[in-house]
Amino acid sequence: MRTSGLLVFLAVLGVALAMANPSNKLENKGLFCSFCEDWVKELSDELAHGAGSDEEKANRACDKVCKKHKTMDKVCKKIVDTSLKVVVKALQNGEEPRVVCGLIDMC
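Here's what the structure looks like:
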């Protein structure tokens, strides 16, 4: 019993330290951050070379990055709906994908 109490304490302590340390923010978002960076790179290519509106280009980038991942596709389409203007403006200003994704709280 005593060992399990110690493990619980250490787990709670670890979570508290991770939350208190802002440098862990990127690590905590792992999958979403990686997905976002891939999407931003694809969107950048679409904006430079694709046809259609920014929204059409963003949705095509979602389709390419999310192919068979329905959950990630929903996340991507939500980003398009809520944050596309911020993303496009950041890309136009030459921001790197990690910075862009940080602006929309994905990294």
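Quick note on numbering: the sequence shown equals residues -18 to -1, 1 to 89 in mature numbering (1 follows the signal peptide of the UniProt record, and there is no 0).
We put the CB at the ideal spot given by N, CA and C, even for glycine.
Item to complete: Can you give me the start and stop residues for the alpha helix (DSSP H) that Asn41 sits inside?
Response: Run containing Asn41: 36 to 48, per the alpha helix (DSSP H) assignment.
Worksheet item: Can you list, in chain order, the residues of its chain whose CB lies under 8 Å from that of Ile26, leaving out five sequence neighbours each side?
Response: The question names Ile, but residue 26 is Ser in the sequence shown. So the qualifying residues of the chain are Leu73, Pro79.
Practice prompt. Ignore the nearest five residues each way along the sequence and tell me which others in Ala40's own chain have a CB closer than 6 Å to its CB.
Written response: Cβ contact annotation for Ala40 (same chain, cutoff 6 Å, sequence separation greater than five): Leu25, Val62, Leu66, in chain order.
Worksheet item: The alpha helix (DSSP H) with Ile61 in it runs from where to where?
Response: Looking at the DSSP string, the run of the alpha helix (DSSP H) that includes Ile61 is 52 to 74.
Discussion item. For Ser35 and Gly84, what's the separation of their Cα atoms in angstroms?
Written reply: Approximately 24 Å between the Cα atoms of the pair.
Practice prompt. Let me know the secondary structure DSSP gives Gly32 once reduced to three states.
Written response: Coil at Gly32, not helix or strand.
Fill in: Residue burial classification, Ala33 (beta-carbon count within 10 angstroms, cutoff 16)
Here Ala33 is exposed, its C-beta having fewer than 16 other C-beta atoms within 10 Å.
Fill in: Residues of its chain near Phe14, where Cβ-Cβ distance is below 6 Å and the 5 sequence neighbours each way are ignored
The answer, listed in chain order, is Met88.
Discussion item. Whole angstroms are fine: how far does the CA of Glu28 sit from the CA of Phe17?
Written reply: Taking the straight line from one Cα to the other gives about 16 Å.
Discussion item. Quick check: what's the CA-CA separation for Ser5 versus Ile86?
Written reply: Low local confidence applies: a pLDDT of 47 at Ser5 is under 50, so the model's placement there is unreliable, with the coordinate-based value given in what follows. Each residue's alpha carbon lies about 17 Å from the other.
Worksheet item: Can you round the beta-carbon distance between Lys23 and Cys44 to whole angstroms, since I take them to be within the 8 Å contact cut?
Response: Wrong, their Cβ atoms sit about 13 Å apart, outside the cutoff.
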